[in-house]
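So the structure is just underneath, and the comments pick up after that.
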Amino acid sequence: MTSGTPSTVSDIFIGVIGAKPCSCPGGKKYFHYMIRYEGSLEDAGTVTFTDYNMIDIIKDYQERENKLTSILPTSPYSDDGGVSLNYKGVEKLFFDTLDRMNIDKTKMVLQRIENDGTINTIMFNNNGIPTEIPCPN
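Residues in the sequence shown are numbered consecutively from 2, following our numbering.
Here is the structure:
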């Protein structure tokens, strides 16, 4: 985040760390993400949710997560036979959720930071599958 008070919404970003069980040292592989909105407050509009809306959003999220992990014979969104989402599944679900909430995903920047420090900006190919585009050093 910038120092002082951000002058625009695009000056604000958040970091998220997710974990997935693995047979690696420590038993977990971590995924580090940075999320930034590149639109203005006017672009974002007014987004308000009642408790009822949030319950529906959570249920819808869980149903879509189940659908992504159950694509057979093998899901591109799960590495463990449909038990949990892999990073591509989490990324697809993130952007699909923005769509469902009427938040313009084209103004949202999602970057995944790999364990070796490589930074990938997540975009979608023509089939709607998350695709990483390496950021230049």
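Virtual Cβ for every residue (Gly too), placed ideally from N, Cα, C.
In terms of residues, what are the limits of the alpha helix (DSSP H) holding Glu-92?
-> Segment 88 to 101, the alpha helix (DSSP H) holding Glu-92.
Go through its chain and collect everything with a Cβ distance to Ile-120's Cβ below 7 Å, but skip five positions before and after it.
-> Taken in chain order, the residues that qualify are Gln-112, Ile-114, Cys-136.
Check whether the region 125 to 132 touches the region 91 to 104, taking contact to mean three or more Cβ pairs, one atom from each stretch, closer than 8 Å.
-> Cβ pair count under 8 Å is three or more, so yes.
Could you round the C-beta distance between Ser-85 and Thr-107 to whole angstroms and report it? I think they count as a contact, below 8 Å.
-> So it is not a contact: roughly 28 Å between Cβ atoms.
Kindly indicate the opening and closing residues of the beta strand (DSSP E) around Ile-104.
-> Unbroken run through Ile-104: none, as it is neither H nor E.
With which residues is Met-55 paired in a DSSP beta bridge?
-> According to DSSP, Met-55 bridges with nothing at all.
Excluding the five sequence neighbours on either side, which residues of its own chain have a C-beta within less than 6 Å of the C-beta of Ser-4, listed in chain order?
-> Interpretation of Ser-4 is limited by its pLDDT of 49, a score under 50 that renders its predicted location unreliable; the figure taken from the coordinates is listed afterwards. Excluding its 5 nearest sequence neighbours in each direction, Ser-4 has no C-beta neighbour in its own chain below 6 Å.
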